[in-house]
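Structure first, then comments.
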Amino acid sequence: MAHNVPRPRRRRRAAPPGISRQDSDDELGSDDLPWQWIYSTHSHDQAGSRRKRRRLAAQRQIVGARLGSFECRIGDCVLLKAEGSNEAWVAIICEFLSGSPDADADHDEKSANLMWFSTEQEIRNKLRKRSDFFPNELYISPSWDINPLASINGKARVMSPAAFFAKFPSGKVPRHHPDHGKVFVCRRGCNTRTATYTDEFVWDDIYTGGSDIDALIDRITRDTKASRSSRPKSPPDDAYAHQG
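So the sequence shown is numbered by the UniProt record's numbering: it starts at 1 and just counts up by one.
Here's what the structure looks like:
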């Protein structure tokens with residue numbers, strides 16, 4: 001479990017420009033099912049007083065959540081969508097939060113603390129904004145907030161440009177492919193407010209899942225501080241260009 005995750009107030013994220021995503025792309029379906037917690041350990045003692053069950057539940061660590069056949073866990077990259085919107089946003093689940101210590105509560109307010117990816121459209125400073133972004137490029141940002149699990153729309157796949165072009169040499173995910181609209185590349189972090197970028201990195205080397213959250217938070221927080229001097233732009237991305 002990540003221990004240094006910033007804990008913002010519970011709120012819905014303001015809606016910056018997102019990624020186009022239709023209702024038909026929803027992986028969770030339309031059935032009105034309740035979310036259920038997934039715990040790191042399970043008690044075999046189902047008997048005992050209600051107080052004892054509450055105490056045992058409070059001691060268990062929430063590592064994931066389940067809705068029907070869909071599961072997501074700490075460290076997963078997920079798509080989130082506002083109701084009535086055709087846009088989605090990508091974030092990493094840093095921790096799950098329960099509004100009630102009672103594991104048996106059917107109406108528990110279930111939510112997640114999320115670390116957000118940003119698109120180039122969210123970077124407002126035109127003078128400092130980079131222009132060498134890929135169509136499906138995201139920047140991991142030092143931005144967190146708490147959203148209800150009901151806003152989760154499916155899983156996202158984030159990888160390095162090299163891994164993406166190895167899998168999709170044309171640079172495009174075919175519309176009929178199961179990963180269409182769900183695959184993104186990330187090679188930098190960015191503070192979108194100040195347009196402060198990190199050095200380029202290989203996403204697959206620095207992030208593999210939940211065990212890397214603490215290190216990722218430390219890196220992105222440190223390397224996107226506004227006081228840092230402007231960085232020179234990286235060389236052209238010829239290495240990633242598709243050779244037709």
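Glycine residues also receive a C-beta, built at the ideal position from the N, C-alpha and C atoms. Because the structure is a prediction, the values reported are computed rather than measured.
Decide if residue i is buried, meaning its Cβ has at least 16 other Cβ atoms within 10 Å, or exposed.
i, result
"G189", "buried"
"L79", "buried"
"R222", "exposed"
"R187", "buried"
"G68", "exposed"
"G210", "buried"
"K81", "buried"
"E200", "exposed"
"G75", "buried"
"E83", "exposed"
Please name the residue, chosen from the options, that lies closest to residue i on a Cα-to-Cα basis.
i, options, result
"residue 300", "K110, F117, T196 and I217", "Absent from the structure is residue 300, since the part of the chain shown begins at 1 and ends at 244."
"G181", "A156, E200, F201 and A163", "A156"
"C77", "Q121, E71 and V90", "V90"
"G154", "S40, F168, I123 and I93", "I93"
"G64", "S85, T41 and V202", "T41"
"A112", "F134, V185, I220 and W37", "W37"
"F184", "F133, T198 and H176", "F133"
"residue 325", "L127, I62 and S85", "This structure gives no information on residue 325, because the portion of the chain shown stretches from 1 to 244."
"V202", "P169, V158 and H177", "V158"
Beta-carbon within less than 7 Å of residue i's beta-carbon, same chain only, minus the 5 sequence neighbours each way: which residues are those?
i, result
"P6", "W144"
"L33", "L67 and G68"
"P174", "H180"
"H176", "none"
"S24", "At S24 the pLDDT is 48, less than 50, meaning the model places this residue with poor confidence; the figure from the coordinates comes in the next sentence. Closer than 7 Å at the Cβ level, and outside the excluded window around S24, lies no residue."
Among the residues of its own chain, which have a CB less than 8 Å from the CB of residue i, if the five just before and after it don't count?
i, result
"N4", "D214, I217 and D218"
"T198", "R188, G189, C190, R219, I220, D223 and T224"
"E120", "K129, R130, F133, E137 and Y139"
"I206", "D212, A215, L216 and R219"
"residue 247", "This structure cannot settle anything about residue 247, because the visible part of the chain is limited to 1 through 244."
Between residue i and the rest of its own chain, which residues show a CB-CB distance below 6 Å, the 5 nearest in sequence each way excluded?
i, result
"K110", "W35 and L149"
"I123", "K129, T192 and A195"
"D104", "Summary for D104: the model assigns pLDDT 48, below 50, so the residue's position carries little reliability, and this model does not support an answer."
"G244", "Since pLDDT at G244 reaches only 40, below the 50 mark, its modelled position is unreliable, and no value is offered."
Looking at residue i: is its Cβ nearer than 8 Å to the Cβ of residue j?
i, j, result
"S118", "L138", "yes"
"N125", "T194", "yes"
"D204", "A166", "no"
"L114", "N147", "yes"
"S151", "W116", "no"
"F70", "L97", "no"
"R60", "Y39", "yes"
Taking 7 Å as the cut-off, is the C-beta of residue i nearer than that to any heavy atom in the ligand MN?
i, result
"S211", "This structure does not include the ligand MN; it has no bound ligands of any sort."
Closest Cβ-Cβ distance between residue i and chain B: below 8 Å?
i, result
"K155", "This model lacks chain B altogether; it includes just one protein chain."
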